[in-house]
Amino acid sequence: MPSFPKPKIPDSIVPPPLRKPGKPGTGGTPKGQAPSDLKTAPPERQSHGDKLLERGKEAPIDALGWVDQRMAASGFLTGMLYRKVPKGTNWFYTLGSATLFAFIVQAVTGVFLAMFYTPSATQAYSSIAHINNDVPLGQFVHGMHKWGASVMVILIFLHMGRTFFFGAYKYPRELNWVIGVVLLILTMTMAFTGYLLPFDQRSFWASIVGININGTGPVVGPYLSDFLRAGPELGATTLARFYAIHMLLVPGALIALIGAHMYLVVKLGTTAPPWVSAERPKGASPLAQLDAGANGNGRVNGAPVSGEGSNGASA
Amino acid sequence: MQERAKPDPPGYFEGESMTRRRAFTVGAQALGGLAGAAIVLPAVGFAVAPIFHRGKERWEAVGPVSDFVEDTYRQVVFTETEGIGDAGKTTAYVRKSSEELGEESGKFVAVSNRCAHLGCPVRFVEAAGNFICPCHGGVYDFQGKRIGGPPVRPLDQFQTRVRKGQVELGPRYSVTNQLDPVRARDPGEFTGGIWEYLYPPRPSTFPAP
Numbered sequence: 146m147p148s149f150p151k152p153k154i155p156d157s158i159v160p161p162p163l164r165k166p167g168k169p170g171t172g173g174t175p176k177g178q179a180p181s182d183l184k185t186a187p188p189e190r191q192s193h194g195d196k197l198l199e200r201g202k203e204a205p206i207d208a209l210g211w212v213d214q215r216m217a218a219s220g221f222l223t224g225m226l227y228r229k230v231p232k233g234t235n236w237f238y239t240l241g242s243a244t245l246f247a248f249i250v251q252a253v254t255g256v257f258l259a260m261f262y263t264p265s266a267t268q269a270y271s272s273i274a275h276i277n278n279d280v281p282l283g284q285f286v287h288g289m290h291k292w293g294a295s296v297m298v299i300l301i302f303l304h305m306g307r308t309f310f311f312g313a314y315k316y317p318r319e320l321n322w323v324i325g326v327v328l329l330i331l332t333m334t335m336a337f338t339g340y341l342l343p344f345d346q347r348s349f350w351a352s353i354v355g356i357n358i359n360g361t362g363p364v365v366g367p368y369l370s371d372f373l374r375a376g377p378e379l380g381a382t383t384l385a386r387f388y389a390i391h392m393l394l395v396p397g398a399l400i401a402l403i404g405a406h407m408y409l410v411v412k413l414g415t416t417a418p419p420w421v422s423a424e425r426p427k428g429a430s431p432l433a434q435l436d437a438g439a440n441g442n443g444r445v446n447g448a449p450v451s452g453e454g455s456n457g458a459s460a
Numbered sequence: 747m748q749e750r751a752k753p754d755p756p757g758y759f760e761g762e763s764m765t766r767r768r769a770f771t772v773g774a775q776a777l778g779g780l781a782g783a784a785i786v787l788p789a790v791g792f793a794v795a796p797i798f799h800r801g802k803e804r805w806e807a808v809g810p811v812s813d814f815v816e817d818t819y820r821q822v823v824f825t826e827t828e829g830i831g832d833a834g835k836t837t838a839y840v841r842k843s844s845e846e847l848g849e850e851s852g853k854f855v856a857v858s859n860r861c862a863h864l865g866c867p868v869r870f871v872e873a874a875g876n877f878i879c880p881c882h883g884g885v886y887d888f889q890g891k892r893i894g895g896p897p898v899r900p901l902d903q904f905q906t907r908v909r910k911g912q913v914e915l916g917p918r919y920s921v922t923n924q925l926d927p928v929r930a931r932d933p934g935e936f937t938g939g940i941w942e943y944l945y946p947p948r949p950s951t952f953p954a955p
């Protein structure tokens, strides 16, 4: 098992209560004995300004320490931020973070669009026109939200493909795959409901086609269509309904599930790419390794995990 | 005197079926469930209620009887859904019924322009005598029966009647491949035979004439 030095956490970000005390004999003055240089050159008195400066430097750390004494979050945070990753981790592993970033862009731009948008059948189109034509940077923010939606859908599929082709959905990460699939469905729901909101000809007819495709499901399909439209025809209540789903229902579920998704990523650690083969201890015969492998031996999916265990969060 | 391993818990009596602690746990959870249901059930009911709600029957005059002939359609636009302006309007192609085609005389036929594939607007092409859908190439004959493309059934129709010399259009209904009226179905859903059960009629639609 190769072992790597633990990452050095800079003292400045570790709150005082959690800082390791210095080793005996490395600092300070032995008890009952004056420092040798004290005898020859007594230390200069610190000026008032120097003291203030010193306290000023300590202030942010003290504040952090004050919070951390009450939240006890630093252990979790350092464990999460300094967790081990397998050998071979590469750019493909950033697709999940990229999807998260796209979601954050959608959330932020969406909040600001909501400040100008009116979810009413008679005013929706003109409020979007107002955003695009009159509001400073309105077209830009609307464009970010509109194109960002496509970007998020593309990224989430690429992320899913990475997970599938790297075999990262296997034990013990099946639950995270399932959560990911639900996130994919919710993302598509967001894309579908958001498309109607400008309420122009394109979004109107695209939503009709989309709802009718829903309706072709046997037995429940027709009722699902009525539920989505809030009636037999696409109308004003359909817009209000799509707005509520797009603004309130799905975002809450998305945020909660993204939290669960990322918790499992941190808790279980990530997998090595399939082309990184398992490392054997020197001198061990392949057969002995087979026996040992049955006990886990600190490996996940047969890939070596650097550091002292597969569980990065335990650091 | 009988000896017990543990002293009786407070409130114990001979023949009790449930400990006091367990009774309180079950009771508290039941109350919590009740409170949850009191919030969730009305909210869900509120969201799904439109499935069971049928709007008011609406009739709209689209022109005098003399405007419509047997051998071609006249395009009319009328309001199907109120309250959303132009988006609530729909287009119908209206003609007099034709005895040549085996229809009851003296009636009016109003064919919806909603494609039975996925709901795009079809148009009547006079030269061909057919309805043609621009989206995915659905083609219907003069009576609205499907003759080509992906649609799964003939075009929907609207109920018609004559009041004060005006032709009036009413609720929408769907038809089977033999043009027998059935309750309105959404585009993409088959009609007739077993499909009447696989795509059940929705309570929000009006009974077929």
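Protein chains in written order, with the numbering used here: chain A, 146 to 460; chain B, 747 to 955.
Ideal Cβ placement from N, Cα and C applies to all residues, glycine included.
Quiz item: Name the chain B residues whose beta carbon is nearer than 7 Å to that of A:T361?
Solution: G934, E935
Exercise. Rank B:Q924, B:L915, B:E914, B:P949 by C-alpha distance to the C-alpha of B:R931 and give the top, closest one.
Key: Checked all of B:Q924, B:L915, B:E914, B:P949; the closest Cα to B:R931 is B:P949.
Practice problem: Note down the Cα distance separating B:F925 from B:R804, rounded to an integer number of angstroms. | Solution: It is worth fixing the name first, because residue 925 of chain B is Leu in this sequence and not Phe. Going from the Cα of B:L925 to the Cα of B:R804 covers about 23 Å.
Quiz item: Who are the Cβ neighbours of A:I301 in its own chain at under 6 Å, not counting the five residues just before and after it?
Solution: T244, L329, T332
Quiz item: What are the boundary residues of the alpha helix (DSSP H) that includes A:I353?
Solution: 346-360
Self-check item: Alpha-carbon spacing of B:G938 relative to B:P927, whole angstroms
Solution: 10 Å
Exercise. Verify the CB distance criterion: does A:N446 have a CB-CB separation below 7 Å to chain B?
Key: For A:N446, the pLDDT reaches just 47, beneath the cut-off of 50, and the residue's location in the model is therefore unreliable, although a value from the coordinates is still provided. By this cut-off, A:N446 is not an interface position.
Quiz item: Is A:P396 helix, strand or coil when you go by DSSP?
Solution: helix
Quiz item: Is there at least one Cβ from chain B nearer than 7 Å to A:V354's Cβ?
Solution: yes
Self-check item: Cβ neighbour criterion (16 or more within 10 Å) applied to B:R899
Solution: buried
Quiz item: Can you name the residues of chain A whose CB is closer than 9 Å to the CB of B:G801?
Solution: G376, P377, E378
Quiz item: From B:P796 to B:E942, what does the alpha carbon distance come to, in whole angstroms?
Solution: 21 Å
Exercise. Quick one: using the 10 Å Cβ neighbour count with 16 as the cut-off for buried, is A:Y316 buried or exposed?
Key: exposed
Self-check item: Contacting positions in the stretch 255-282 of chain A - beta carbon closer than 7 Å to chain B
Solution: A266, T267
Quiz item: Are the stretch 414-423 of chain A and the stretch 338-355 of chain A touching, with three or more C-beta to C-beta distances below 8 Å?
Solution: no
Quiz item: How long is the line joining the alpha carbons of A:H287 and A:L369, rounded to whole angstroms?
Solution: 30 Å
Self-check item: Neighbouring residues, chain B, relative to A:I324 (Cβ below 8 Å)
Solution: Per Cβ cutoff of 8 Å: no residues; A:I324 is ~23 Å from chain B at best.
Quiz prompt | Neighbour list for B:G831 in chain A, Cβ cutoff strictly below 8 Å | solution = Proximity of chain A to B:G831 at the Cβ level (cut-off 8 Å) is accounted for by A266, T267, in chain order.
Quiz item: Taking the C-alpha atoms as reference points, what is the distance between B:L847 and B:H882?
Solution: 28 Å
Quiz item: Along the stretch 878-892 of chain B, what residues have a CB closer than 9 Å to any CB found in chain A?
Solution: C881
Quiz item: Among residues of its own chain, excluding the 5 on either side of A:Y388, which ones have a beta-carbon nearer than 6 Å to its beta-carbon?
Solution: P264
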